[in-house]
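In the numbering used here, the protein residues as written are 85 to 165.
The C-beta atom is built at its ideal place from N, Cα and C for all residues, glycine as well.
Okay, structure first, notes after.
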């Protein structure tokens, strides 16, 4: 069973706060982070965004936040609210 890497856990709360503050984000859900080897961290996340938000811009902003904390393989699904 894969779990969130121990080295990543301390950074996730701050990342979630930054993602929640992105213009257009209503909420994030279903975050899942894991590693297959040492420094390769993977992640998936669903963003719920307002209907008038730009999904590409919002997704890229969330990816940037996760890359800042070391997640280098990211899949973000976007749902409209």
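Query - Outcome for residue 133 when other beta-carbon atoms lying within 10 angstroms are tallied against a minimum of 16 - result: So residue 133 ends up on the buried side.
Report task. From the DSSP output, read off the bridge partner residues of residue 124. Result -> Note: residue 124 sits in a beta bridge opposite 121.
Report task. Could you work out which residue in 128, 101 and 150 is closest to residue 180 when comparing CA atoms only? Result -> Beyond the ends of the chain as shown, which are 85 and 165, falls residue 180; an answer cannot be given.
Query raised in the report: residue 117: buried (16+ other C-beta within 10 angstroms of its C-beta) or exposed?
Result: buried
Query raised in the report: Secondary structure at residue 102, three-state DSSP: helix, strand or coil?
Result: helix
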